[in-house]
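In this note's numbering, the protein residues as written are 252 to 452. Data block below; observations after.
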């Protein structure tokens, strides 16, 4: 499986409706702490927009809702992976991405036979407090050797100017959240990312 090198992560269908029409081909919907009815509405709306624009939607955490709403890709953190029914995910035909931060987590991820593995944070990040220090681009190369042919997603503190080091060390895709969502002009910044990742498509 090949992932688009630009992996956008947002927390609402509103963001998806704003940014996906610009040419985004891979997006994760990551919503925290919302009622189930609202989650279903957000997932369904996001799926429709992505289908209309030829964009791959990845649902974060809510694997059962992703199955129920007819999605085909889910991403799990380590805690969610431990609680998830990966057999049900596979039976439903969903592809699976898994977050990792250290060797034990990488082992747990690979045991789940994922379709991609994410490593982070590569650089310092403002998205959330992390107990892990920034991994650095050298760790990307080590992880890539460990995962072999699986796509490797780099995440954490990424900016367009940091992409050459990320991709040259073995990442297949670069995930971004706040560099776009906290930018005063998210649309222009999204176009910059699409342009910056073009050579790795």
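Where a beta carbon is used, it is the ideal one built from N, C-alpha and C, also for glycine. In this text the structure is predicted, and so the values were computed from the model without any measurement.
query, result
"Exposure label - residue 419; buried when at least 16 CB within 10 Å", "exposed"
"Every unbroken alpha helix (DSSP H) inside the segment 413 to 444 [4 residues or more]", "414 to 419, 429 to 432"
"Proximity of residue 370 and residue 425 at Cβ, strictly below 9 Å", "no"
"Nearest-angstrom Cα separation, counted from residue 423 out to residue 252", "11 Å"
"DSSP state of residue 348 mapped onto helix, strand, coil", "strand"
"Nearest-angstrom Cα separation, counted from residue 323 out to residue 344", "7 Å"
"Spatial neighbours of residue 448 in its chain, beta-carbon cut-off 7 Å, leaving aside the 5 residues before and after", "256, 257, 414, 425"
"Length of the line joining the Cα atoms of residue 291 and residue 281", "13 Å"
"Cβ-based neighbour list, residue 354, same chain, cut-off 8 Å, excluding 5 preceding and 5 following", "none"
"DSSP state of residue 282 mapped onto helix, strand, coil", "coil"
"Assigned secondary structure, residue 273 (DSSP; H/G/I helix, E/B strand, else coil)", "helix"
"Endpoints, beta strand (DSSP E) assigned at residue 307", "307 to 311"
"Among 332, 341, 339, 269, nearest to residue 350 - alpha-carbon criterion", "332"
"For residue 403 and residue 368, believed in contact at Cβ under 8 Å, the rounded distance", "6 Å"
"Own chain partners of residue 318 with C-beta closer than 6 Å, once the 5 adjacent residues on each side are dropped", "343"
"Contact check, residue 407 vs residue 376, beta carbons under 9 Å", "yes"
"Bounding residues of the beta strand (DSSP E) (the contiguous stretch that carries residue 401)", "No beta strand (DSSP E) holds residue 401; DSSP gives it neither H nor E."
"Span separating the alpha-carbon of residue 348 from that of residue 325", "6 Å"
"For residue 369, the first and last residue of its enclosing beta strand (DSSP E)", "367 to 370"
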